Amino acid sequence: MRLEKPSEKWQNEHLAYISEWGEGKLSPNRFRLEPDVSYNQFLDQLTHLESGQPGQIPTSNFFLVDDDRILGMVTIRHKLNDYLLNVDGHIGCSIRPSERRKGYATKILSEAMKITDELGIDDVLITCNEDNIGSAKAILNNGGIEAEPFEEEHGNVIRRFWIKRRQ
Ligand SMILES: CC(C)(COP(=O)(O)OP(=O)(O)OC[C@H]1O[C@@H](n2cnc3c(N)ncnc32)[C@H](O)[C@@H]1OP(=O)(O)O)[C@@H](O)C(=O)NCCC(=O)NCCS
Numbered sequence: 001m002r003l004e005k006p007s008e009k010w011q012n013e014h015l016a017y018i019s020e021w022g023e024g025k026l027s028p029n030r031f032r033l034e035p036d037v038s039y040n041q042f043l044d045q046l047t048h049l050e051s052g053q054p055g056q057i058p059t060s061n062f063f064l065v066d067d068d069r070i071l072g073m074v075t076i077r078h079k080l081n082d083y084l085l086n087v088d089g090h091i092g093c094s095i096r097p098s099e100r101r102k103g104y105a106t107k108i109l110s111e112a113m114k115i116t117d118e119l120g121i122d123d124v125l126i127t128c129n130e131d132n133i134g135s136a137k138a139i140l141n142n143g144g145i146e147a148e149p150f151e152e153e154h155g156n157v158i159r160r161f162w163i164k165r166r167q
């Protein structure tokens, strides 16, 4: 099991993941595919995002894969701004619906932490909605230390956790 950057060979699996996800908003949102954007254009967009465009925070995106199957998706933001500091944090991930409750969220965060280590991020912020028990547990499994929650304007409470760099 490993992280792999999206590439053409994963297009069909990516579509299968989205179809399994169903109607709800796909998370992380960087992995959404728009009908008027080709897969190659989508891949180009990810490359641009990673290189850091003016006014944008550089972002790396990976699939968690096992053999030829995508198990999960993760977005890693290289820096925080005010919004990310309160709401989204450095890392956002999801696990394919049919693959949940098998430890893969814990694994994808652990693999993502290797990337944040490489990026030199000393304190990694990971957040989740108050009612997202699976996500909170996966963060705690990776050594997350809970910080002050943040309440959004509409009353949604975000739990916030810091994980220290390991190297
Ligand atoms: C949240 C999510 C990532 C969890 O993925 P997962 O692969 O099922 O998580 P894991 O198998 O690593 O589970 C971690 C722990 O949480 C528990 N858990 C997972 N889902 C749970 C649920 N719905 N209710 C209660 N506990 C849950 C597991 O039993 C495990 O417990 P343990 O550490 O005591 O053994 C997945 O449900 C998902 O993709 N949800 C939609 C997107 C999302 O919410 N992303 C996170 C945004 S921050």
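Residues in the sequence shown are numbered consecutively from 1, following UniProt numbering.
Just so it is clear, CB atoms sit at the ideal spot from N, CA and C, and this is done for glycine as well.
Note that this is a predicted model, so its numbers are computed, not measured.
Set against 7 Å, the gap from the CB of residue 98 to the closest heavy atom of ligand 1 is not smaller.
Of the candidates 129, 121 and 97, 97 places its Cα closest to the Cα of residue 22. Residue state for residue 61 is assigned as strand, using DSSP reduced to three classes. Rounded to whole angstroms, the gap between the alpha carbons of residue 110 and residue 154 is 32 Å.
Around residue 61, the same chain offers 5, 6, 28, 30, 31, 46, 49, 50, 73, 74, 75 and 76 as residues with beta carbons nearer than 8 Å, after the five sequence neighbours per side are excluded. If you draw a straight line from the Cα of residue 123 to the Cα of residue 148, it is about 15 Å long. Put simply, the backbone Cα of residue 107 is about 33 Å away from that of residue 36. Of the candidates 17, 114 and 145, 17 places its Cα closest to the Cα of residue 71. In the DSSP assignment, residue 89 is bridged to 126. Ligand 1 approaches residue 106 closely enough that one of its heavy atoms is under 7 Å from the residue's Cβ.
Residue state for residue 5 is assigned as coil, using DSSP reduced to three classes. Each residue's CA atom was taken as its position, placing residue 156 and residue 84 some 15 Å apart. For residue 88, same chain residues with a beta-carbon under 8 Å away, outside a window of 5 residues either side, are 77 and 127 in chain order. Residue 19 is classed as exposed because its beta carbon has fewer than 16 other beta carbons within 10 Å across all chains shown.
Placement of the Cβ of residue 75 at a distance of 7 Å or more from every heavy atom of ligand 1 is found. Residue 15 sits exposed, since fewer than 16 C-beta atoms from the chains shown fall within 10 Å of its C-beta.
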